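Numbering (the numbering used here), first residue to last: 1164 to 1336.
For glycine and all other residues, C-beta sits at the position ideal for the given N, C-alpha and C.
If you're wondering where the values come from, they're calculated on a predicted model, not measured in any experiment.
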Amino acid sequence: MRRAIPLLAAVALAGCSGQDMQKQPSLRPYEASTLWHSGTSWQPLPEGVVARGAGARLLAIAEPPPLDRPLVERGERMYRDLCAPCHGLAGDGDGIVVQRGFSPPPSYHSARLRAAPASHFVEVIGKGYGAMLPYGDRVEPRDRWAIAAYIRALQLSRDAPAADVPDLAEALR
């Protein structure tokens, strides 16, 4: 017992050496350093490096799925849940969030967004734009394409010529 107490005290005091892991020497980006040949602490990634799992995700974003009715219907459901609070149900930028005082997003019916390719909407959903936060970690690439397809359907439904609208009786059959 007499030896255990001093041994325990020595072990306990060894942990009180004054080292603080929060205050350790480190380099800031672009700080001069003799450790690397470039002379700075920041080093570029080697050519061809892709984050693990990013290749399949990038391919899914680059390749739109086939446009069909289920895709547009899925896009409508996701649009109502994720986009309509700000963009409004019709895409005019007058959602409930805007009605409560936040700045309005642009209308999908503006000339600029009517001319934008569907990939523009897919990219904005993933990366965000202006005050819109990125949804890339919450919305899968296929679902981004579905939302973009529904946005395009909203755009086409506005000011559509009567000749393009199917006869109501025929549509109800």
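In this structure L1234 is buried. Its beta-carbon is surrounded by 16 or more other beta-carbon atoms within 10 angstroms. Taking C-beta atoms as the reference points, A1309 and M1241 count as a pair closer than 8 Å.
When DSSP states are grouped into helix, strand and coil, M1295 belongs to the strand group.
Where L1319 is concerned, the enclosing alpha helix (DSSP H) starts and stops at P1304 to S1320. The continuous alpha helix (DSSP H) containing S1282 extends over residues A1281 to K1290.
P1192 and V1212 have their C-alpha atoms some 20 Å from each other. Between the beta-carbon of G1256 and that of P1269 there is about 6 Å, and that keeps the pair under the 8 Å contact cut. If you draw a straight line from the Cα of H1272 to the Cα of Q1318, it is about 6 Å long. With respect to the 8 Å criterion, A1278 and R1315 are not classified as neighbours on the basis of their beta carbons.
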